[in-house]
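Numbering (my numbering), first residue to last: 77 to 671.
Report on one structure; see the data block that follows.
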Amino acid sequence: MLENILKETLLNIFKNDYQLEIDPELISFQQTRAEFEGDLTLVVFPFLKLIKTNPVVLANELGAALMKQSQLIKSYNVIKGFLNLSIRDEYWLNWLKNNLERTGFEQSVIDNSAPIVIEYSSPNTNKPLHLGHIRNNLLGWSVAEILRANGGNVVKVNLVNDRGIHICKSMLAWQKFGEGKSPENTGVKGDKLVGEMYVAFDKAYKAEQYELIAKGYSSEEAAKKAPLIQEAQQMLLQWENGEQETRKLWETMNNWVYSGFDLTYRRLGIDFDKIYYESETYLLGKQIVMEGLTKAVFFKKDDGSIWCDLSDEGLDEKLLLRADGTSVYMTQDIGTAQLRYDDYKAGKLIYVVGNEQNYHFDVLRRILIRLGKSWADGIEHLSYGMVELPEGKMKSREGTVVDADDLMDEMVQTAQKMSEELGKGAGLPHEAAEQLYNDIGLAALKYYMLRVDPRKTMTFNPAESIDFNGNTGPFVQYTHARIKSVLRKAVDNQLSWQSNTSLSVELMPKEKAVLTLLHNWNEILKQAAINRSPALIANFLYDVAKSYNQFYQDNPILRESNADRRCLRLQISELTARMLNYAAGLLGIRMPEQM
RNA sequence: GGUCUCGUAGCUCAGCUGGAUAGAGCAGCAGCCUUCUAAGCUGCGGGUCGAAGGUUCGAGUCCUUCCGGGAUCACCA
77 MLENILKETL LNIFKNDYQL EIDPELISFQ QTRAEFEGDL TLVVFPFLKL IKTNPVVLAN
137 ELGAALMKQS QLIKSYNVIK GFLNLSIRDE YWLNWLKNNL ERTGFEQSVI DNSAPIVIEY
197 SSPNTNKPLH LGHIRNNLLG WSVAEILRAN GGNVVKVNLV NDRGIHICKS MLAWQKFGEG
257 KSPENTGVKG DKLVGEMYVA FDKAYKAEQY ELIAKGYSSE EAAKKAPLIQ EAQQMLLQWE
317 NGEQETRKLW ETMNNWVYSG FDLTYRRLGI DFDKIYYESE TYLLGKQIVM EGLTKAVFFK
377 KDDGSIWCDL SDEGLDEKLL LRADGTSVYM TQDIGTAQLR YDDYKAGKLI YVVGNEQNYH
437 FDVLRRILIR LGKSWADGIE HLSYGMVELP EGKMKSREGT VVDADDLMDE MVQTAQKMSE
497 ELGKGAGLPH EAAEQLYNDI GLAALKYYML RVDPRKTMTF NPAESIDFNG NTGPFVQYTH
557 ARIKSVLRKA VDNQLSWQSN TSLSVELMPK EKAVLTLLHN WNEILKQAAI NRSPALIANF
617 LYDVAKSYNQ FYQDNPILRE SNADRRCLRL QISELTARML NYAAGLLGIR MPEQM
């Protein structure tokens, strides 16, 4: 790495010329701003505390010393306290050559002895997937891929929330209003059908509440006393008691949902190594809670409910088991965490869950630590921001929830429409064209969702937000396709550019600009892993594509007459295409050969 | 009310552990296709980085207070 080499050299200079052991942290390089000459800039201000002198004088001294000691430096200039270094072209050309020989662009910076288990998606089985899930799924999948690309031993898991009062509501509604409907006899996607039942329950439940309120009950009483909710609670109890008919209906309806989810996941291009079901882990959770009770980590209230008192840590009491013995969210999560640790002996358990659950995960961690689980330190809540619409949060009762399947359909249709208007893909066979529209539509969606810092709340404007021009997925795809087209033509013209002979050319500004951006890759990939941020990869893609397009605009490639320079430009093009392809792959974005 | 979090151009977002005159895209205006893909490129206009203090040679970035938005503090998940 260029900067590390220069850092070493600089440390030696301080040691020999100034008799100083400098803290390496003080040495910071940054990319030279475009308006100045140079590639790398050293900020000398931090050294002034140790060496009492004028910043310009020191910068000049360091520049001269670096020139003498390092072959890498071609020239330097000083502006105020900034030492701008120009790196020799040989370095960039050599770097280009070495990277063209790479087969992949991964690296090993993560200790891979203990697995990293990352959970994402975590759907409930009573409702179809929506826009919020899309952010979650893309983020989780992409972070997993990024960690893998850094050498991590990653296990992707999904936790399906297949039990609880919510699914009982859908089941009850199906019994009462379902009229025997099934995905088979209606053609409706399974998760959508179950979702309709849930809505039907809600509607009938609301009606009962209004009726009770009309009779003089308070709204709180009405919510509790409505016959439907009582029936649903009864059903949950039956379920936990293993009552056969309830279990059978539950199984049937959940399977409808799973086949629906599968379609959505496959279309989104995300996958899992293992799927956990809460129905299989909540008993373990209960067991651990009971153990905690005997160890007096928890306590029991008069009504029989079990709690954990966290008030000495500035938090509240937390319910772990209801008075009727049924489990709550926390009970399940304690069980799943334990099971997941037992399965993999994971060093890290990452949960990709919305920031609305920050408190929940804080509590989960503390409870597990109180229970003496040493692995609880490895629990990390990858907390991402909500997706909002221009008019605010999505609300199911106002019908503003953006359905995942519908959104993907819409994106792909738009891609097709735009492609046809532009006359692209005209020569393609039908199937290839379909594939292309699909790739473009999904790229637009994925890039749009992933380019934003995961921690931030983001706004999604269905009408105008998703674009195909400018800072978008299709822009990056277009750049790739353009390069591929040039390379195909080069092959047709029997030009070869893969040979390793050293080129004798002086780099031109736009050529070097592309190379210096590509040169950042290893650091970007590392930072993306550390910060769990696919957004850094997305920004890299955009910067590279933008820079390449500027290069492309200004410099002829195939029409360049100087053979060495033509070769150089083809090599830059090839490496750009390959790195775009690799980096986009980490976001789940496919790069078409042509578009 | 307590805790957490966010506030950068009309809109959507960048801005790495503090570094030079705060950047993109969209939208608006003006240009560039007899030459490698115009989903591209070039230029113009648009900002007291929510406000005020503080630390520092240097603050969009760190600290304090305040203002504004969001989340959470459930026998919902």
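Where is the CB? At the ideal position from N, CA and C, for every residue including glycine.
About 6 Å separates the beta carbons of Gly139 and Val154, which is inside the 8 Å limit, making them a contact pair.
Look at Lys532 here: in three-state DSSP terms it is coil, with no helix or strand label. One alpha carbon belongs to Glu260, the other to Phe337, and they sit about 16 Å apart. Residue ranges of uninterrupted beta strand (DSSP E) with 3 or more members are absent from the stretch 575-600; none lies entirely inside it. Between Tyr658 and the set Leu447, Ala614 and Asn547, the nearest pair of CA atoms involves Ala614. Taking a contact as a CB-CB distance under 8 Å, the pair Ala589 and Leu634 does not count as one, their CB atoms being some 21 Å apart. Looking at the backbone, the Cα of Ala422 and that of Asp349 are separated by about 14 Å. Judged by beta-carbon spacing, Leu644 lies beyond the 9 Å limit of Leu594, meaning their Cβ atoms are not closer than that value.
Inter-residue distance for Ile305 and Gln670 is about 56 Å (C-alpha atoms, whole angstroms). Residue environment: His506 is assigned as exposed (fewer than 16 neighbouring CB atoms within 10 Å of its CB, all protein chains considered). Ser561 and Thr652 have their C-alpha atoms spaced approximately 13 Å apart.
In the structure shown, Phe158 adopts extended strand secondary structure according to DSSP, grouped into three states. DSSP, read as helix, strand or coil, puts Leu663 in coil. In chain order, Glu97 place their CB closer than 7 Å to the CB of Lys91, counting only its own chain and leaving out the 5 sequence neighbours on each side. Rounded to the nearest angstrom, the Cβ distance from Lys586 to Asn631 is 6 Å, consistent with a contact under 8 Å. Counting along the chain, no alpha helix (DSSP H) covers Phe112, and no H or E run does either. Taking every protein chain shown into account, the CB of Arg527 has 16 or more other CB atoms within 10 angstroms, so this residue is buried. Non-local beta-carbon contacts of Asp453 in its own chain, meaning distances under 8 Å to residues more than five positions away in sequence, involve Ile445 in chain order. Assignment of Val552 by DSSP, reduced to helix, strand and coil, places it in the helix class.
The C-beta distance from Pro204 to Lys268 rounds to 5 Å, short enough to meet the 8 Å contact threshold. Leaving aside the five residues that flank Pro122 on each side, the residues in its chain whose CB is nearer than 6 Å to its CB run, in chain order, Leu102. The beta carbon of Met406 sits closer than 6 Å to the beta carbons of Leu396 from its chain, once the five residues preceding and following it are set aside; these are given in chain order.
Excluding residues up to 5 positions away in sequence, Asn202, Val270, Met273 and Tyr274 lie with their Cβ nearer than 6 Å to the Cβ of Ser246 in the same chain.
Secondary structure note for Val185: it is in no beta strand (DSSP E), with a DSSP letter that is neither H nor E. For Ser246, there is no enclosing beta strand (DSSP E); the enclosing alpha helix (DSSP H) has its first and last residue at Ile241 to Phe253.
If the five residues before and after Glu113 are omitted, its C-beta is found closer than 7 Å to the C-beta atoms of Asn153, Asn160 and Ser162, all from its own chain and listed in chain order. Between Cys384 and Lys394, the C-beta spacing is below 9 Å.
Taking a cut-off of 8 Å on C-beta distances, the stretch 177-191 does not touch the stretch 304-323, as fewer than three cross pairs fall below it. Distance check between Phe277 and each of Glu354, Val264 and Ile243 places Ile243 closest, using alpha-carbon atoms only. Straight-line spacing of the CA atoms in Gly292 and Tyr286 works out to 10 Å.
Classified as buried, Leu142 has 16 or more neighbouring CB atoms from the shown chains inside 10 Å of its CB.
Secondary structure of Glu101 (DSSP, three-state): helix. Within the same chain, Ser295 and Ala298 come within 7 Å of Ile289 by CB-CB distance, once the 5 residues on both sides are set aside. Secondary structure at Glu464: strand, using DSSP grouped into helix, strand and coil. Asp419 carries a helical assignment under DSSP once its states are collapsed to helix, strand and coil. Only buried fits Val236, as 16 or more other CB atoms lie within 10 angstroms of its CB.
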